[in-house]
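Data block below; observations after.
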Ligand SMILES: Nc1ncnc2c1ncn2[C@@H]1O[C@H](COP(=O)(O)OP(=O)(O)OP(=O)(O)O)[C@@H](O)[C@H]1O
Ligand SMILES: Nc1ncnc2c1ncn2[C@@H]1O[C@H](COP(=O)(O)OP(=O)(O)OP(=O)(O)O)[C@@H](O)[C@H]1O
Ligand SMILES: [Mg+2]
Ligand SMILES: [Mg+2]
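Chains as they are written, first to last, in the numbering used here: chain A, 1 to 307; chain B, 1001 to 1528; chain C, 2001 to 2321; chain D, 3001 to 3369.
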């Protein structure tokens, strides 16, 4: 029986965790089997939760988010017969699969769309917790926007420096209001539960917004330009399936544009906002990135952003 | 004959196990002043609080002007025309006089109209009854006498025609009390009925028409004032013949133990409570400090006892005491041979939730005899307690009893035992017999005199003039933070002391400090 | 910092100050009547939850508001029961109610909506819409005052204006009415009120319930005005900041307004800038966030004038020893 | 006159209150569609049904013993210390600094040093509110609440700044191996018993020792005598030459130190690195524990174990059913409400009953302890 530990913010954050949850549900529905699931309430419970899962015999155990890395590093060796998978971070242990995404590439694409949709020449970004991972989003986004319009202004704000930053919709709303005041008319929220407030305020104030992780287009049809989907659901689904089939591999797995690990969400909710130009430009850029023609800088590679 | 203004029948009230009122009956005729006397804790305040609807009686009936009336709350009492001035005033300190007066008796939901009306009425009332107060003054800026007037005005504003005053003179100087009595007589002439609670016989004789005596929750007698005298009342009050004077030999004053020069104390709100006190107390003598409560006696004891700081010079056995700083505390004072029986045993002298044996160490808990290394030697402490309990006849003789479970007199005995047994050079005693009944009073007085006879210096503070007169070898009167003068008990009387307590010195008799010293020398035939 | 930014920060300050202000006035009523209330936080939280939950299920923000106020009133009544009727410790009761709110909101939210500890996002009539004050457009052209009026003051939801109007209303009730006189008296000397023939118990309950009502509004504003739905622990210490503001304001309504605006302003600034540059020193965000708390301590320490609470505050009224 | 016999005051009233709290909690569980008895079973089983359960129960209990004692000591001086949370947070900083400063060769060296660090930092964080209360009369309840917030801001500042380990999470580096405390599992393994994996560690023994020391302090030393006297009556303390300033400071310092010691268990014993939120409300649970335990170390011990079981049982409950762990917070709230604030609700009817059914035989001279 596989296990999934939903991270802080909860499985209905409409974003990162929800995506993972959906993957697990999909697996459960397709196979008709059940899995163990538990939701973290606080930082300090990570260890107890992981261990309890392991003690109960869950295998593999999928944990979500970089914050689990140091705990997993300690727990994994105690359960050599259990496989673990961690999303968003690399943990080098013989029984751990590390799943990382090329968020900068997906962000590049939505950055392009933002720049094309913007009339004011100013677009913005609201991040959750100020960590390199989120800067990676921001940096990809800025690169994409500049690629379309080199003169564009990209405003960037982070919600905070602690995990609480993932779950502060009120502050998210305040930040985007400030950005609107500075002229932004498209905002990209990569902020977990905080993003809900960002998208809501964008809808209230009538500017376009870009969701993250899950496809969030349905939240506010008419103002949701698109979502930068990060297929955590697929990662979880695959891990569960592989374990069942006995093909679970440890080591690093990179999910990028090529294998649809990240991408741009196009559906009936944003049909009206996405022009054909955008569609073709994004498609073209995607191919170029896959082929290596365009190289999107990854912030985490050197902790800096060229734009 | 008309119906009595008030008639109570079979009123009983218990607080937990304490029976404060037992089956009380009383009749008060309209247009009279009816006194109620009784010792502390006799149940006077409880009875009046029941009449005013502040407490509810467990049993009994109330008749107002012949009609049976239920008084479940103060509102009902006010409706029945009853007004009450409580022993402890019920005023809102940071409200103005006017606001206090209309509180609860406002007309309409908005204040402006009520306040305006009240202002006019207040003016009228003040003129009618010599009750001048500034309607816009804040209560906290008024003296007690003024505050009391506000309380009376409150009752009159509510058109009370039955007015209850609970120990109104306890905080007043004799002249303020006289003024109050004139007001009461005026009210009586208007046909109002007044109930006056006090335990001062003199006041009863002076102003009341009839008087009821309470003892231990029971109403022991009701008599016409004209047909009785103080001796009879005193006997009724305490239940047996009262010993008016303490038996004691003449004092043999020795060297000066306590010397105070220009002692000043400023309290937390910046008011100067002691304004330059100078006194001495000699070995083998009791100096009594007389005064109306609140004139600085408490502060004097507290500063000497190390409970608050002050300025000036105080010497004990010639060594100067610190009046401020870390060494101005009670522990250092004890180390200097000063023992202190505080005025308020329940809040200061004892920890009510501690056992008797723990209380016997109170203040002396650092004494090496009670300690063994880092820990306290509880066995030694209990042995010591057993001894003191036996010697001072504390009942029950159980050192595991919690302080609050002893009666008032026995609590006081524990404090006295603790302080006197330290064999101090100087004893500070405040209100040694407050709330203690007569048997215990005699015992405590004897102990104090015995200590004096053992050659110790004693500073006694009491608001009971009787006590001061019978115990002291020398009397100093305090008024408004100053010493008004000193007298020898044999050369003064209650009248003179009363005047001094009101701040009036009779210059004709002109006793200065030096003269009293001189008199003393004359009396004892030697100079200290 | 240009003028437009200042206008925006003020706009944001007003929004963020509103829940503080409502809660602060709530505390003012309660504490002026002698009942200390550190449970403002908890009352706000239940109100936030129930207003969002009912607004989400019925689609009407007004019903939500009612539900939020009702929930807050229930909590206020428990506080009253504990501290007035049973003469328990008011501080302990407040602490307990804060926990009760934190726990029950999550529990009920999870059971009701199964979306983690949150309600569905509110849209349309389930939220308060912004209101444009009269002439906002016309006046916006006037230099300085125009934008201040049109952008900072206008365009908030109704509860913001309720909060602002509650300030003079509170002042009037407290200092110009019979009820206010009695209320203040009962916080200073309940014995005086009792012997004047007025029920201390009833007055204190009235004050505690008004406190509940205002906390209800504060919580409802949080979930249906400021945000669009409930999230776990969404009050995030606002109840305590309101308490801080109350002390800062020395238990006076007008001061309360300024104190709350100041704290709202601090929050708006900390939202916008992650650090604040003060010429020489740079204040890290963590301290900007902690500033209201630090200020409170400084005020309590008496460095900025003494704050004396109502004299009978925190003490249950016991007639019989 | 004592209105209730001692046993009723000390045992009957708290037990009745606890019962009431549990009944109301049961109703809450039933209201959210779960069977309260089944929930109870899961909780009891999860908490004490295995060595694993016991391990966690006692691990949590260790935290609560420290914070409960902290609240209790302050209570005896009539100070309501709501700042346990902040003091424990600050204590955790002290523990972490000690553990990180030196490459500890062995835990027997690291533990005493960490105890010192945790206690000093905890006490330090209590010192300012204590000083303000003693010298300036600032209400300790409000200042300690404010200090909780300030402590957490300070910790955030440090953990995203100078103390942050490489990586994204705001946490310090792991402590050196030599600072790892032996767990119950390690200890039992020595005698050949297989104890389930749990973070229960030697700190539990430190907590027991602390409880005994607190008892000794309060009822056997001069300082304890002075603390209790001051707590009963401040004017009396002045009369006896007990300095209110000194007692307020010392009681709060001891209280803060005890709260700070909690970090030994949580940070050094379990997390082995400093996290931003490492106290997890234990400072507040301490209030409930002290109230339930009537501020007596033995009572605190029992109440702490009860709450430890509640916390562990609650975690299992969440795992087994859809009842969120927050159920425990509700129970905790109800316990505080019924034992702390609504105490009069059970007490006064009981007093009446006891008054009615006569005074009992004179009570034997039972010692207070
Ligand atoms: N509220 C109360 N709760 C418990 N016991 C009380 C209460 N009020 C009074 N008592 C007790 O009832 C008895 C009568 O008290 P009461 O105040 O009526 O006496 P009093 O005659 O007015 O005394 P004093 O002259 O000191 O004012 C005393 O033993 C007192 O301790
Ligand atoms: N407020 C009170 N609450 C509880 N019990 C009280 C209270 N006041 C007095 N008692 C108890 O009532 C009994 C009588 O007390 P009281 O002070 O009237 O004694 P007493 O007969 O005057 O004795 P003594 O002569 O020693 O003063 C004592 O056992 C005392 O413990
Ligand atoms: Mg009386
Ligand atoms: Mg007596």
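Beta carbons are placed, not taken as given, at the ideal position from N, Cα and C, and that holds for glycine.
For residue i: DSSP bridge partner residues
| i | result |
| --- | --- |
| residue 1067 of chain B | B:1064 |
| residue 1487 of chain B | B:1475 |
| residue 1281 of chain B | B:1258 |
| residue 1355 of chain B | B:1402 |
| residue 1371 of chain B | B:1376 |
Within chain B, the residues that residue i reaches when beta carbons sit closer than 7 Å
| i | result |
| --- | --- |
| residue 3220 of chain D | 1375, 1376 |
Boundaries (first-last residue) of the beta strand (DSSP E) holding residue i
| i | result |
| --- | --- |
| residue 2284 of chain C | 2281-2284 |
| residue 1406 of chain B | Note, residue 1406 of chain B: premise wrong, no beta strand (DSSP E); not H, not E. |
| residue 208 of chain A | 208-213 |
| residue 99 of chain A | 96-101 |
| residue 1018 of chain B | 1018-1028 |
Residue range of the unbroken alpha helix (DSSP H) whose run includes residue i
| i | result |
| --- | --- |
| residue 137 of chain A | 132-148 |
| residue 3317 of chain D | 3297-3320 |
| residue 1219 of chain B | No alpha helix (DSSP H) holds residue 1219 of chain B; the beta strand (DSSP E) holding it covers 1218-1224. |
| residue 1313 of chain B | Here residue 1313 of chain B belongs to no alpha helix (DSSP H); instead the beta strand (DSSP E) covers 1311-1316. |
| residue 3008 of chain D | Looking at the DSSP string, residue 3008 of chain D is not in any alpha helix (DSSP H), and its letter there is neither H nor E. |
| residue 200 of chain A | 194-205 |
| residue 3133 of chain D | 3107-3136 |
Cβ-based burial, residue i [other Cβ within 10 Å; buried from 16]
| i | result |
| --- | --- |
| residue 57 of chain A | exposed |
| residue 2190 of chain C | buried |
| residue 2010 of chain C | buried |
| residue 3007 of chain D | exposed |
| residue 3365 of chain D | With a pLDDT of only 36 at residue 3365 of chain D, under 50, the local geometry of the prediction cannot be trusted, and the value read off the model is given with reservation. Result: exposed. |
| residue 3180 of chain D | buried |
| residue 2127 of chain C | buried |
Identity of the residue in the options nearest residue i by Cα
| i | options | result |
| --- | --- | --- |
| residue 3162 of chain D | C:2208, C:2078, C:2284 | C:2284 |
| residue 2025 of chain C | C:2011, C:2208, C:2128 | C:2208 |
| residue 1471 of chain B | B:1237, B:1247, B:1227 | B:1247 |
| residue 1059 of chain B | B:1019, B:1036, B:1291 | B:1019 |
| residue 2073 of chain C | C:2088, C:2206, C:2107 | C:2206 |
Amino acids of chain D, ordered along the chain, whose beta-carbon sits closer than 9 Å to that of residue i
| i | result |
| --- | --- |
| residue 69 of chain A | 3167, 3168, 3169 |
| residue 1342 of chain B | 3235, 3236, 3239 |
Residue i: contacting residues in chain B (beta-carbon distance under 9 Å)
| i | result |
| --- | --- |
| residue 3076 of chain D | The premise fails here: residue 3076 of chain D is roughly 11 Å from chain B at the closest Cβ pair, so nothing lies under 9 Å. |
Contacts of residue i in chain C (Cβ-Cβ under 7 Å)
| i | result |
| --- | --- |
| residue 1094 of chain B | 2188 |
| residue 3324 of chain D | 2106, 2107, 2110 |
| residue 45 of chain A | Going along chain C, no residue has its Cβ under 7 Å from residue 45 of chain A, so there is no contact; the nearest lies around 15 Å. |
Chain-ordered neighbours of residue i on chain D, where CB pairs are closer than 8 Å
| i | result |
| --- | --- |
| residue 133 of chain A | 3168 |
Residues that residue i contacts on chain A, provided the C-beta gap is smaller than 8 Å
| i | result |
| --- | --- |
| residue 2271 of chain C | 171, 174, 175, 178 |
Contact list for residue i against chain A, beta-carbon separation under 7 Å
| i | result |
| --- | --- |
| residue 2311 of chain C | Going along chain A, no residue has its Cβ under 7 Å from residue 2311 of chain C, so there is no contact; the nearest lies around 37 Å. |
Contact set between residue i and chain D, taken where Cβ atoms lie within less than 7 Å
| i | result |
| --- | --- |
| residue 2087 of chain C | 3344 |
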